[in-house]
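Number of protein chains: 2
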Amino acid sequence: MKPNFSLRLRVFNLNCWGIPFLSKHRAGRMERLGDLLNLESFDLALLQEVWSEQDFQYLRQKLSLAYPAAHYFRSGIIGSGLCVFSKHPIQEITQHVYTLNGYPYMIHHGDWFCGKAAGLLVLHINGLVLNAYVTHLHAEYSREKDIYFAHRVAQAWELAQFIQCRAQFLPHQPGSPSHTSKKADVVLLCGDLNMHPKDLGCCLLKEWTGLQDAYLETQDYKGSDEGCTMVPKNCYVSQQDLGPFPCGIRIDYVLYKVVSGFCISCKTLQTTTGHDPHSSTPLSDHEALMATLYVRHSPPQQSPTPTQGPAERSPVINLLKEAWTELGMGIAQARWWATFAGYVIGLGLLVLMLLSVLAAGEVASEVAVLLWTPSVGLILGAGAVYLFHMQEAKGLCRAQAELQHVLGRAKKTQELDSEPQVAELLGQQAENRAEQ
Amino acid sequence: MKPNFSLRLRVFNLNCWGIPFLSKHRAGRMERLGDLLNLESFDLALLQEVWSEQDFQYLRQKLSLAYPAAHYFRSGIIGSGLCVFSKHPIQEITQHVYTLNGYPYMIHHGDWFCGKAAGLLVLHINGLVLNAYVTHLHAEYSREKDIYFAHRVAQAWELAQFIQCRAQFLPHQPGSPSHTSKKADVVLLCGDLNMHPKDLGCCLLKEWTGLQDAYLETQDYKGSDEGCTMVPKNCYVSQQDLGPFPCGIRIDYVLYKVVSGFCISCKTLQTTTGHDPHSSTPLSDHEALMATLYVRHSPPQQSPTPTQGPAERSPVINLLKEAWTELGMGIAQARWWATFAGYVIGLGLLVLMLLSVLAAGEVASEVAVLLWTPSVGLILGAGAVYLFHMQEAKGLCRAQAELQHVLGRAKKTQELDSEPQVAELLGQQAENRAEQ
Numbered sequence: 034m035k036p037n038f039s040l041r042l043r044v045f046n047l048n049c050w051g052i053p054f055l056s057k058h059r060a061g062r063m064e065r066l067g068d069l070l071n072l073e074s075f076d077l078a079l080l081q082e083v084w085s086e087q088d089f090q091y092l093r094q095k096l097s098l099a100y101p102a103a104h105y106f107r108s109g110i111i112g113s114g115l116c117v118f119s120k121h122p123i124q125e126i127t128q129h130v131y132t133l134n135g136y137p138y139m140i141h142h143g144d145w146f147c148g149k150a151a152g153l154l155v156l157h158i159n160g161l162v163l164n165a166y167v168t169h170l171h172a173e174y175s176r177e178k179d180i181y182f183a184h185r186v187a188q189a190w191e192l193a194q195f196i197q198c199r200a201q202f203l204p205h206q207p208g209s210p211s212h213t214s215k216k217a218d219v220v221l222l223c224g225d226l227n228m229h230p231k232d233l234g235c236c237l238l239k240e241w242t243g244l245q246d247a248y249l250e251t252q253d254y255k256g257s258d259e260g261c262t263m264v265p266k267n268c269y270v271s272q273q274d275l276g277p278f279p280c281g282i283r284i285d286y287v288l289y290k291v292v293s294g295f296c297i298s299c300k301t302l303q304t305t306t307g308h309d310p311h312s313s314t315p316l317s318d319h320e321a322l323m324a325t326l327y328v329r330h331s332p333p334q335q336s337p338t339p340t341q342g343p344a345e346r347s348p349v350i351n352l353l354k355e356a357w358t359e360l361g362m363g364i365a366q367a368r369w370w371a372t373f374a375g376y377v378i379g380l381g382l383l384v385l386m387l388l389s390v391l392a393a394g395e396v397a398s399e400v401a402v403l404l405w406t407p408s409v410g411l412i413l414g415a416g417a418v419y420l421f422h423m424q425e426a427k428g429l430c431r432a433q434a435e436l437q438h439v440l441g442r443a444k445k446t447q448e449l450d451s452e453p454q455v456a457e458l459l460g461q462q463a464e465n466r467a468e469q
Numbered sequence: 034m035k036p037n038f039s040l041r042l043r044v045f046n047l048n049c050w051g052i053p054f055l056s057k058h059r060a061g062r063m064e065r066l067g068d069l070l071n072l073e074s075f076d077l078a079l080l081q082e083v084w085s086e087q088d089f090q091y092l093r094q095k096l097s098l099a100y101p102a103a104h105y106f107r108s109g110i111i112g113s114g115l116c117v118f119s120k121h122p123i124q125e126i127t128q129h130v131y132t133l134n135g136y137p138y139m140i141h142h143g144d145w146f147c148g149k150a151a152g153l154l155v156l157h158i159n160g161l162v163l164n165a166y167v168t169h170l171h172a173e174y175s176r177e178k179d180i181y182f183a184h185r186v187a188q189a190w191e192l193a194q195f196i197q198c199r200a201q202f203l204p205h206q207p208g209s210p211s212h213t214s215k216k217a218d219v220v221l222l223c224g225d226l227n228m229h230p231k232d233l234g235c236c237l238l239k240e241w242t243g244l245q246d247a248y249l250e251t252q253d254y255k256g257s258d259e260g261c262t263m264v265p266k267n268c269y270v271s272q273q274d275l276g277p278f279p280c281g282i283r284i285d286y287v288l289y290k291v292v293s294g295f296c297i298s299c300k301t302l303q304t305t306t307g308h309d310p311h312s313s314t315p316l317s318d319h320e321a322l323m324a325t326l327y328v329r330h331s332p333p334q335q336s337p338t339p340t341q342g343p344a345e346r347s348p349v350i351n352l353l354k355e356a357w358t359e360l361g362m363g364i365a366q367a368r369w370w371a372t373f374a375g376y377v378i379g380l381g382l383l384v385l386m387l388l389s390v391l392a393a394g395e396v397a398s399e400v401a402v403l404l405w406t407p408s409v410g411l412i413l414g415a416g417a418v419y420l421f422h423m424q425e426a427k428g429l430c431r432a433q434a435e436l437q438h439v440l441g442r443a444k445k446t447q448e449l450d451s452e453p454q455v456a457e458l459l460g461q462q463a464e465n466r467a468e469q
């Protein structure tokens with residue numbers, strides 16, 4: 034790579050609100066989205082909520098010249114809704130389906146059926162390795178009583194782990210060259226996180242991965258107030274969707290980072306503002322994000338020895354602790370439901386025995402026979418609820434155990450604070466920040 | 034790292050057959066397993082089928098001095114059954130739960146409830162980064178009519194992707210130092226793959242990741258004939274378990290690889306042979322594997338430019354194609370079941386309408402009321418089957434699309450065979466083999 038290497042990356046992100054039969058003006062909006070993407074010719078367009086594979090195929094065909102590479106990420110029963118269109122060839126594709134994603138009996142919310150996931154594509158652009166992630170986390174249906182909070186925190190943690198998995202910057206290994214452990218040169222994450230910037234999951238994700246927020250870093254911002262991606266001006270957005278934030282919410286993001294040897298800056302960030310100048314309706318109920326990023330070569334710096342004491346390291350530790358606590362509350366809730374379902378099963382079995390006795394006798398035998406099948410149904414239903422919440426508890430326990438492990442290592446690191454091992458655990462985060 | 038660096042790694046692997054209430058002599062076997070592990074003091078002990086977390090806690094306590102680090106991988110409803118005990122501190126823990134893992138209505142097989150997974154722990158031993166994976170794939174209940182074949186192929190592909198995800202050796206990037214993309218120095222995979230060495234999934238896994246089989250590579254082998262890990266001599270193994278292989282089957286493995294700059298050899302590999310010399314019963318229905326690996330420093334070699342033509346590259350391509358075909362058959366099967374369930378739903382709705390009409394009339398109204406609830410049950414059951422098989426089809430499609438992408442790249446590479454890009458796709462596999 035030449036020392037004066039410089040790359041401009043134009044990225045588009047949109048939650049398309051493409052629910053067949055339910056989303057208004059879907060076909061027209063998809064058509065206009067295709068036109069816009071063809072006109073602007075971004076390097077990458079990352080889309081969410083393209084629930085119909087036909088819509089993806091329509092866009093694929095329409096965009097085939099400007100975006101020769103495309104992929105639809107399949108998962109769950111309906112699909113993840115995620116897809117990507119790229120000007121550059123895709124080298125690798127993989128995805129991670131979140132372990133926890135709502136409840137199957139919350140049919141009206143529907144998230145469980147989608148198999149929410151994080152998709153990854155690896156691109157090689159002018160010798161630069163770019164890992165681009167697209168994701169969509171579980172929706173927040175009520176800010177006040179968010180029954181999915183623990184699931185979203187677990188998803189944010191899994192996403193952070195999935196990103197680190199592919200692009201982690203390990204602490205410098207003695208005897209190894211300066212940046213032997215790098216894999217991706219640039220990491221880009223776009224998507225609808227369904228979290229506000231200060232929400233626990235969002236902070237955890239950013240702190241743990243070292244990803245920077247394009248809205249906060251951009252040199253030139255044009256768009257909706259405060260970078261909101263759901264705004265009241267948008268005719269598809271109701272005040273109910275915005276809850277206690279009538280001016281709008283920011284839940285869609287463009288996040289990025291680079292390894293040592295490169296520097297990245299967000300030259301411009303633009304959002305749509307709730308209406309389309311060429312049409313009476315906007316592209317979606319979410320606003321699109323359009324970012325222009327510049328990646329430049331910069332001489333590799335000596336990895337600074339992390340010098341922070343426990344106080345400086347506390348933000349990420351506090352976030353980990355907070356997430357640990359929230360997951361613990363989720364586990365307690367899941368176990369409560371499993372226990373409740375267990376009692377219902379027990380009660381159902383008792384009723385079944387009673388009905389069998391009644392059916393064998395002469396008094397009320399007809400009623401007993403009539404009630405027999407609903408009782409079996411009740412037991413089976415409660416059994417399914419029991420199994421589901423046991424699985425939920427296992428999934429939350431798993432995430433909590435991973436956090437526990439990290440916190441355990443952090444504690445050991447603090448104990449050995451004066452020794453060189455101090456760099457081990459949080460060196461990762463420290464290096465990420467230093468590199469940027 | 035010193036040039037004369039050398040590391041001895043002693044590894045233990047066992048499928049423990051620890052099903053509460055069902056597995057014979059479980060408590061006694063766990064006790065003897067603990068004694069053996071304490072006595073031998075391996076670097077790593079990787080266990081499968083420890084279905085009861087109490088068993089894990091018992092072993093953890095018993096092994097706390099010889100193996101200070103331990104982890105139990107939680108997933109599904111019952112748990113993955115995977116756990117690890119390590120002499121060395123564990124730096125990182127993560128896991129991947131397989132998307133497809135049998136059918137919930139095959140309760141007697143039970144795999145679906147376990148949430149089969151691959152667990153990963155990252156260890157730093159004397160400055161060396163070791164990624165150790167432990168896994169357990171879906172069981173094969175019938176060799177002749179294996180309804181889980183496509184699931185196991187998908188699991189093998191996901192496992193291969195998960196391993197590459199953490200330890201992939203990317204093709205040499207222009208301008209970057211010789212081995213910038215390495216992350217783990219050593220990759221170790223132990224577990225019960227439920228696949229014979231020549232089975233499609235097993236070959237795909239080994240070819241795609243470049244992992245070597247300790248049984249085939251070892252300088253000194255002691256144990257059961259042909260390296261079998263389920264043998265007729267074992268009193269817990271029935272002839273039915275062995276199916277058409279009365280002499281035994283090899284389905285448990287120790288696999289490994291290293292990056293350029295290191296070389297690895299398997300000094301000894303030992304298996305138990307179906308009986309315990311100190312007890313009347315063996316440790317499990319599977320045989321344990323005990324390997325001694327040596328990792329040594331070796332001068333980094335210039336990555337050879339892959340010179341193979343299409344003919345030499347064909348093994349992995351053929352495997353990918355074969356897996357693609359098998360997944361296709363799995364998709365057809367899944368769709369058949371979804372369609373069948375769809376017809377049952379339709380039929381159930383018709384019956385329900387008929388029953389409603391009958392119940393409103395006078396003829397057979399009692400029978401109609403009696404049959405109403407079972408009909409609703411039938412519709413709900415068929416609905417669940419429909420959703421499950423739709424999800425199965427999506428999961429298989431996803432794996433097939435990933436294979437399709439790889440095959441597409443391979444085709445492009447073949448077309449550009451005379452140009453430097455030839456190294457792109459299969460350079461990865463070629464380099465892995467060359468490095469070893």
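Just so you know, the protein sequences line up as chains G and Y, in that order.
Counting in our numbering, the first sequence runs from 34 upward without gaps.
Counting in our numbering, the second sequence runs from 34 upward without gaps.
For glycine and all other residues, C-beta sits at the position ideal for the given N, C-alpha and C.
What number of angstroms, rounded off, separates the C-alpha of residue i from the C-alpha of residue j?
i: residue 217 (chain G); j: residue 305 (chain Y); result: 43 Å
i: residue 234 (chain Y); j: residue 82 (chain G); result: 33 Å
i: residue 291 (chain Y); j: residue 409 (chain Y); result: 58 Å
i: residue 331 (chain Y); j: residue 322 (chain G); result: 49 Å
i: residue 403 (chain G); j: residue 395 (chain G); result: 14 Å
i: residue 129 (chain G); j: residue 397 (chain Y); result: 54 Å
i: residue 196 (chain G); j: residue 241 (chain G); result: 10 Å
i: residue 97 (chain Y); j: residue 269 (chain Y); result: 29 Å
i: residue 277 (chain G); j: residue 223 (chain G); result: 25 Å
i: residue 439 (chain Y); j: residue 361 (chain Y); result: 16 Å
i: residue 303 (chain G); j: residue 131 (chain G); result: 30 Å
i: residue 430 (chain Y); j: residue 351 (chain Y); result: 19 Å
Tell me whether residue i sits in a helix, a strand or coil according to DSSP, three-state version.
i: residue 397 (chain Y); result: coil
i: residue 214 (chain G); result: Its pLDDT being 29, under 50, residue 214 (chain G) is placed unreliably in this model, and the value from its coordinates should be taken loosely. In this structure, residue 214 (chain G) counts as coil in the three-state DSSP scheme.
i: residue 446 (chain G); result: helix
i: residue 51 (chain Y); result: strand
i: residue 350 (chain Y); result: helix
i: residue 248 (chain G); result: helix
i: residue 309 (chain G); result: coil
i: residue 278 (chain Y); result: coil
i: residue 125 (chain G); result: strand
i: residue 224 (chain G); result: strand
i: residue 316 (chain G); result: coil
i: residue 337 (chain Y); result: Residue confidence is low: residue 337 (chain Y) scores 46 on pLDDT, short of 50, so the model does not pin down where it sits. Its coordinate-derived value is still stated next. Here residue 337 (chain Y) sits in coil by DSSP.
By Cβ distance below 6 Å, which residues in the same chain neighbour residue i in space, the five residues on each side in sequence not counted?
i: residue 92 (chain G); result: 67
i: residue 221 (chain Y); result: 165 and 289
i: residue 38 (chain Y); result: 330
CB-CB under 7 Å to residue i, same chain, minus the five flanking residues each way: which ones, in chain order?
i: residue 308 (chain G); result: 266 and 315
Please work out which residues of its chain come closer than 8 Å, Cβ to Cβ, to residue i, disregarding the five sequence neighbours upstream and downstream, and give them in chain order.
i: residue 435 (chain G); result: 190 and 194
i: residue 405 (chain G); result: 385, 388, 389 and 392
i: residue 359 (chain Y); result: 182, 183, 186 and 233
Taking 7 Å as the cut-off, is the C-beta of residue i nearer than that to any heavy atom in the ligand NAD?
i: residue 387 (chain G); result: For the ligand NAD, the structure offers nothing, since it holds no ligand at all.
| Can at least three beta-carbon pairs, one atom from the segment 361-381 of chain Y and one from the segment 416-429 of chain Y, be found at a separation below 8 Å? | Yes: the two stretches touch, three or more of their Cβ pairs being nearer than 8 Å.
| query | Does the pairing of the segment 279-296 of chain Y with the segment 316-329 of chain Y give three or more beta-carbon distances under 8 Å? | reply | yes
| On the three-pair Cβ rule with 8 Å, is the segment 279-291 of chain Y touching the segment 42-52 of chain Y? | yes
| said: Check whether the segment 113-121 of chain G and the segment 142-156 of chain G touch, using three or more Cβ-Cβ pairs below 8 Å as the test. | reply: Yes, the segment 113-121 of chain G touches the segment 142-156 of chain G.
| said: Give me the subset of the segment 125-136 of chain Y whose CB atoms are less than 9 Å from a CB atom of chain G, sorted by chain position. | reply: Cβ contacts with chain G come from 125, 126, 127, 128, 129, 130 and 132.
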